[in-house]
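Enquirer: Attaching a single structure in structure tokens format; questions to follow.
There are 2 protein chains.
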Amino acid sequence: MNASHFDIDVGARLRELRIRHGLSQRALAKRAGVSNATVSMVEANRISPSVSGLRQILSGIPYSLSEFFAETHPPAEQVVFRAAELKEIGGGKISYRQVGANLEGRSLQMLHERYKPGAVSGKAMLSHQGEEAGLIIRGRMLLEVDGARYELGPGDAYFFDSRKPHAFRNAGEEDLELVSACTPPSF
Amino acid sequence: MNASHFDIDVGARLRELRIRHGLSQRALAKRAGVSNATVSMVEANRISPSVSGLRQILSGIPYSLSEFFAETHPPAEQVVFRAAELKEIGGGKISYRQVGANLEGRSLQMLHERYKPGAVSGKAMLSHQGEEAGLIIRGRMLLEVDGARYELGPGDAYFFDSRKPHAFRNAGEEDLELVSACTPPSF
DNA sequence: TTCATGTGTTCAGGATATAGAACGTTCTTA
DNA sequence: TAAGAACGTTCTATATCCTGAACACATGAA
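Here the protein sequences line up with chains A and B, keeping their order.
For the first sequence, the numbering used here gives the first residue as 992, with consecutive numbering after it.
For the second sequence, the numbering used here gives the first residue as 992, with consecutive numbering after it.
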């Protein structure tokens, strides 16, 4: 289904979190209300804890199951991206300039977008969960989300669930310029 | 620590996913290589499956543990936020204007930021995992990430892992204006 | 009706996780 | 040195999960 099923190493992940928070196995066990032996064996992958058991262990850090199983992203390398080197994604009437080079494994995507007058984009229905937001820098935008229409000017912004059908249009005579962000990356 | 620990209902979640994919308990059990009794009891929350057991069940859908435990966000309400109604978060020399009213349960946060000359902000060490990105609209910014310093002008952008220590400073004589996004929300 | 097939649930026994107490090691401090 | 405390690991009885086989109910066909 979704890519990247590099089945998580529960033991290693627990150990990593515990140590990052400066806790010993016994300290964590005490805070969580479980035995230190359990923590030890879970970390060594000698046993596979029940979901409720793992939840209890994590409560001592504290961490939620969602956070525990959230994909771990490799650290970012390049920090600053000059205006000239922003990667051009679109072409023609719409220009998407992406902040960041390789978004593989990232949870955030930011774009510097330019729409020529009359340019339209958008998606009918969406694949995966996510959110997107944007803020208008220059020009006028006509936004349609889930059937409703809005006209936005400089300083105005939007925020919605990516699964809703949506469309963007340059509603003015000059170029439309905006900064958008979405999670997770859609390209 | 982080808010929103509405402990997930494992049984209900599994049942929801199974039915959404048009599978009976037995069909799922067969594909996953477990007994139908297990699926039944897990869905009824009569037992709390081991992590490995749950992983095996999910392999029949298929679903990863990450996807299974991913927070389900309530649908967004308001879509458009006028420049005048963007919620002001900071004060004084730095103004943060947040896109979106209530970010509880959201994974994305976007800010329209203004720094007066000399204004500084940033964090030494970070609590939780996440990423942040930004794009300069006006003015000059001095960015420090993990010890390295960069000067950015209009159109320039940044992207880094939130856990790295970082600081922002208005390095010019005029106001600094930028759009930033981070995940997950830090306020 | 009667049979066949589908659904989800419940039961008893073998497999596995967990608690509590022991173990061996590595420090620090006297 | 030795004593003490902290660390992670290992042992054994008990609690829990998980299977394979029944169970009860619904639907559709003959």
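Note that the Cβ used here is the ideal one computed from N, Cα and C, for glycine as well.
Model, not experiment: these values are computed from the prediction.
Measuring only the C-alpha atoms, how far is B:N1161 from A:L1099?
Expert: Translated into positions along the second sequence, residue 1161 of chain B becomes position 170. Translated into positions along the first sequence, residue 1099 of chain A becomes position 108. Looking at the two C-alpha atoms, the distance is approximately 25 Å.
Enquirer: Just to confirm, are A:I1038 and B:I1128 a CB contact at a threshold of 8 Å?
Expert: The count along the first sequence starts at 1 and reaches residue 1038 of chain A at position 47. The count along the second sequence starts at 1 and reaches residue 1128 of chain B at position 137. No, the Cβ-Cβ distance between A:I1038 and B:I1128 is not below 8 Å.
Enquirer: Output needed for A:M1084: all residues of its chain with C-beta closer than 6 Å, excluding positions within five of it in sequence on either side, in chain order.
Expert: Translated into positions along the first sequence, residue 1084 of chain A becomes position 93. Here residue 1084 of chain A turns out to be Lys, not Met, going by the sequence shown. Cβ neighbours of A:K1084 beyond the five flanking positions: K1107, A1110.
Enquirer: Is A:S1015 buried or exposed, if buried means 16 or more other CB atoms sit within 10 Å of its CB?
Expert: Residue 1015 of chain A sits at position 24 when you count from the first residue of the first sequence. Looking at its Cβ environment, which holds fewer than 16 other Cβ atoms inside 10 Å, A:S1015 is exposed.
Enquirer: Report yes or no: do the stretch 1003 to 1017 of chain B and the stretch 1025 to 1044 of chain B share at least 3 C-beta pairs separated by less than 8 Å?
Expert: yes
Enquirer: Go ahead and label B:A1003 buried or exposed: buried means 16 or more other beta carbons lie within 10 angstroms of its beta carbon, across all protein chains shown.
Expert: Sequence index remark: in the second sequence, residue 1003 of chain B carries index 12 (1-based). The residue is exposed, with fewer than 16 neighbouring Cβ atoms inside 10 Å.
Enquirer: Please list, in chain order, all residues of the same chain as B:F1059 whose beta carbon is under 7 Å from its beta carbon, the five residues on each side excluded.
Expert: What you label residue 1059 of chain B is simply residue 68 of the second sequence in a count that begins at 1. Taken in chain order, the residues that qualify are R1004, L1049.
Enquirer: Please check the pair A:L1169 and A:E1104, which I expect to be a contact at CB under 8 Å, by giving their CB distance rounded to whole angstroms.
Expert: Here residue 1169 of chain A corresponds to residue number 178 of the first sequence, with the count starting at 1. Here residue 1104 of chain A corresponds to residue number 113 of the first sequence, with the count starting at 1. The pair is a contact, with the Cβ atoms about 5 Å apart (cut-off 8 Å).
Enquirer: Could you have a look at A:I1128 and say whether DSSP puts it in helix, strand or coil?
Expert: If you number the first sequence from 1, residue 1128 of chain A lands on position 137. Residue state, collapsed to three classes: strand.
Enquirer: If we count the other Cβ atoms within 10 Å of its Cβ and call it buried at 16 or more, is B:A951 buried or exposed?
Expert: Shown here, chain B extends from 992 to 1178; a query on residue 951 of chain B therefore has no answer.
Enquirer: What is the DSSP secondary structure of B:E1142, reduced to helix, strand or coil?
Expert: Taking the second sequence and counting its residues from 1, the one referred to as residue 1142 of chain B is at position 151. Of the three classes helix, strand and coil, the one that applies to B:E1142 here is strand, per DSSP.
Enquirer: By the three-class DSSP mapping on this structure, what secondary structure does B:R1004 have?
Expert: For the purposes of this step, residue 1004 of chain B is identified with residue 13 of the second sequence, where counting begins at 1. Here B:R1004 sits in helix by DSSP.
Enquirer: Tell me whether B:P1053 is buried or exposed, calling it buried when 16 or more other Cβ atoms sit within 10 Å of its Cβ.
Expert: Here residue 1053 of chain B refers to the residue found at position 62 of the second sequence. With fewer than 16 Cβ atoms within 10 Å of its Cβ, B:P1053 is classed as exposed.
Enquirer: Between B:T1029 and chain A, is any beta-carbon pair separated by less than 8 Å?
Expert: The residue you call residue 1029 of chain B lines up with position 38 of the second sequence. Cβ-Cβ to chain A under 8 Å: no for B:T1029.
Enquirer: Is A:N1161 helix, strand or coil when you go by DSSP?
Expert: The residue you call residue 1161 of chain A lines up with position 170 of the first sequence. It is a strand residue.
Enquirer: Could you tell me the alpha carbon to alpha carbon distance between A:E1164 and A:R1131, rounded to whole angstroms?
Expert: Along the first sequence, read from residue 1 onward, the residue named residue 1164 of chain A stands at position 173. Along the first sequence, read from residue 1 onward, the residue named residue 1131 of chain A stands at position 140. As the crow flies, the alpha-carbon of A:E1164 is around 8 Å from that of A:R1131.
Enquirer: So, for A:R1140: in the same chain, excluding its five sequence neighbours on each side, which residues have a beta-carbon less than 8 Å away from its beta-carbon?
Expert: Position 149 of the first sequence holds residue 1140 of chain A. Same-chain partners within the cutoff: L1133, L1134.
Enquirer: What residues of chain B sit near A:L1045, judged by a beta carbon separation below 8 Å?
Expert: Stepping through the first sequence from its first residue, residue 1045 of chain A is reached at position 54. For the C-beta of A:L1045, the chain B residues within less than 8 Å are, from N- to C-terminus, V1042.
Enquirer: Out of curiosity, what's the CA-to-CA distance linking B:P1040 and A:K1021?
Expert: Residue 1040 of chain B sits at position 49 when you count from the first residue of the second sequence. Residue 1021 of chain A sits at position 30 when you count from the first residue of the first sequence. Cα to Cα, the separation comes out at about 23 Å.
Enquirer: Among B:Y1087, B:G1125, B:R1088, which has the Cα closest to the Cα of A:R1088?
Expert: Here residue 1088 of chain A is taken as the residue at index 97 of the first sequence, counted from 1. Nearest option by C-alpha distance: B:G1125.
Enquirer: Going by DSSP, what residue range makes up the alpha helix (DSSP H) through B:R1017?
Expert: Taking the first residue of the second sequence as position 1, residue 1017 of chain B is located at position 26. Where B:R1017 is concerned, the enclosing alpha helix (DSSP H) stretches over 1016 to 1023.
Enquirer: Note down the Cα distance separating B:S1086 from A:V1042, rounded to an integer number of angstroms.
Expert: Taking the second sequence and counting its residues from 1, the one referred to as residue 1086 of chain B is at position 95. Taking the first sequence and counting its residues from 1, the one referred to as residue 1042 of chain A is at position 51. Their backbone Cα atoms lie some 44 Å apart in a straight line.
Enquirer: Between A:R1006 and the rest of its own chain, which residues show a CB-CB distance below 8 Å, the 5 nearest in sequence each way excluded?
Expert: For the purposes of this step, residue 1006 of chain A is identified with residue 15 of the first sequence, where counting begins at 1. Counting only Cβ-Cβ distances below 8 Å, and skipping sequence neighbours, we find E1034.
Enquirer: What in chain A is Cβ-close to B:V1170, meaning under 7 Å?
Expert: Residue 1170 of chain B sits at position 179 when you count from the first residue of the second sequence. By Cβ distance, chain A contributes L1126, V1170.
Enquirer: Does any residue of chain A bring its CB to less than 8 Å from the CB of B:I999?
Expert: Within the second sequence, residue 999 of chain B is the residue found at index 8, counting from 1. It does; some Cβ of chain A falls within 8 Å.
Enquirer: Under 8 Å by Cβ, that's how I've got A:E1142 and A:T1174 pegged, so tell me the actual separation to the nearest angstrom.
Expert: Counting from one through the first sequence, the residue named residue 1142 of chain A turns up at place 151. Counting from one through the first sequence, the residue named residue 1174 of chain A turns up at place 183. That pair is no contact at about 25 Å.
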